[in-house]
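Colleague: In my numbering, the protein residues as written are 1 to 200. Glycine residues also receive a C-beta, built at the ideal position from the N, C-alpha and C atoms.
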Amino acid sequence: MIISMSSRVMIYKGMLTPYQMDRFFTDLADPRVVSAMILMHTRFPTNTFPRWDLAQPFRMLAHNGEINTLRGNINWMRARRPTFESDLYEDVHDLMPIVIPRGSDSACLDNVLEFPGAVRLFPGPGDDDAGFPQAWENHPSMSEEQKAFYEFHEHLMEPFGADLPHWPSPMGSRSVPFLTVTVYARTVCGDAGRPGDHGF
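1. Do residue 61 and residue 110 have their C-beta atoms within less than 8 angstroms of each other?
2. Starting from residue 98, trace the alpha helix (DSSP H) both ways and give me its first and last residue.
3. How would you label residue 113, buried or exposed, when you count the other beta carbons within 10 angstroms and need 16 or more for buried?
4. Assign residue 54 to one of three DSSP states: helix, strand, or coil.
5. With 16 other CB atoms within 10 Å as the buried threshold, where does residue 67 fall?
6. Quick check on the burial criterion: 16 or more other C-beta atoms within 10 angstroms. Buried or exposed for residue 91?
7. To the nearest whole angstrom, what separates the beta carbons of residue 56 and residue 106, a pair I think is in contact under 8 angstroms?
8. Buried or exposed for residue 73, going by 16 or more other Cβ atoms inside 10 Å?
9. Please name the residue, chosen from 28, 12, 26 and 42, that lies closest to residue 64 on a Cα-to-Cα basis.
10. Take residue 40 and list the residues in its own chain whose beta-carbon comes closer than 8 angstroms to its own, dropping the five residues that flank it on each side.
11. Which term fits residue 98, buried or exposed, when burial requires 16 or more other beta carbons within 10 angstroms of its beta carbon?
12. Taking all protein chains shown into account, do 16 or more other C-beta atoms lie within 10 angstroms of the C-beta of residue 20, making it buried, or fewer, making it exposed?
13. By a C-beta neighbour count over all protein chains shown, 10 Å radius and 16 as the cutoff for buried, is residue 14 buried or exposed?
14. Tell me the rounded alpha-carbon separation between residue 137 and residue 143.
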């Protein structure tokens, strides 16, 4: 068991099937253990060798799928390092590197989401979308305010992956669940034609 630093979120990791969880982590079989929500990742890795440090869920998300633009995304994060600044940290460069070397594609995306500057890319609770940018340019029912939000933020960071907007996915819908203390959201790629779900 890997314990998080949160008083509200418990993280269990194991190279197990879902049916083995309560036998391995016996507290999960106790009826007194109650949770408002659970986020679970059960897929075996297809493009990385199983390692404990790559076991999901990560700190910010659970993601199944390959990010085909990964090398470009990592290079862009490295290239924009001199421009990073923060009111919260005296020397934001002490937080570098943003992307930890030798991580899986999902681990690299998790690193970027964890980086404090990345929170600028996401609407807050109560906005129309709680996840990755939608395909907004020709969206007939999206508000002008939401389109302006995406237009402004697309200049700060490119979307991750071929299964996200601007890189149409041949695989159709893929979801990226993520969880904070108060927010759960799941989004799908912009060209899938089906909305994600989210709750607060």
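Modeller: Considering the structure as presented:
1. Yes; because the gap between Cβ atoms is below 8 angstroms, this pair is in contact.
2. Looking at the DSSP string, residue 98 is not in any alpha helix (DSSP H), and its letter there is neither H nor E.
3. Classification of residue 113: buried, given that the 10 Å Cβ count is 16 or more.
4. Reduced to three states, the DSSP call for residue 54 is helix.
5. Answer is buried; the Cβ neighbour count reaches 16.
6. With fewer than 16 other Cβ atoms within 10 Å, it is exposed.
7. The pair is a contact, with the Cβ atoms about 7 angstroms apart (cut-off 8 angstroms).
8. Residue 73 comes out buried.
9. For residue 64, the nearest C-alpha among the options comes from 42.
10. Spatial neighbours of residue 40 in its own chain (CB-CB distance under 8 angstroms, excluding positions within 5 residues in sequence) are listed in chain order as 18, 57 and 62.
11. Per the 10 Å Cβ criterion, buried.
12. Exposed.
13. It counts as exposed.
14. Taking the Cα positions, residue 137 is about 11 angstroms away from residue 143.
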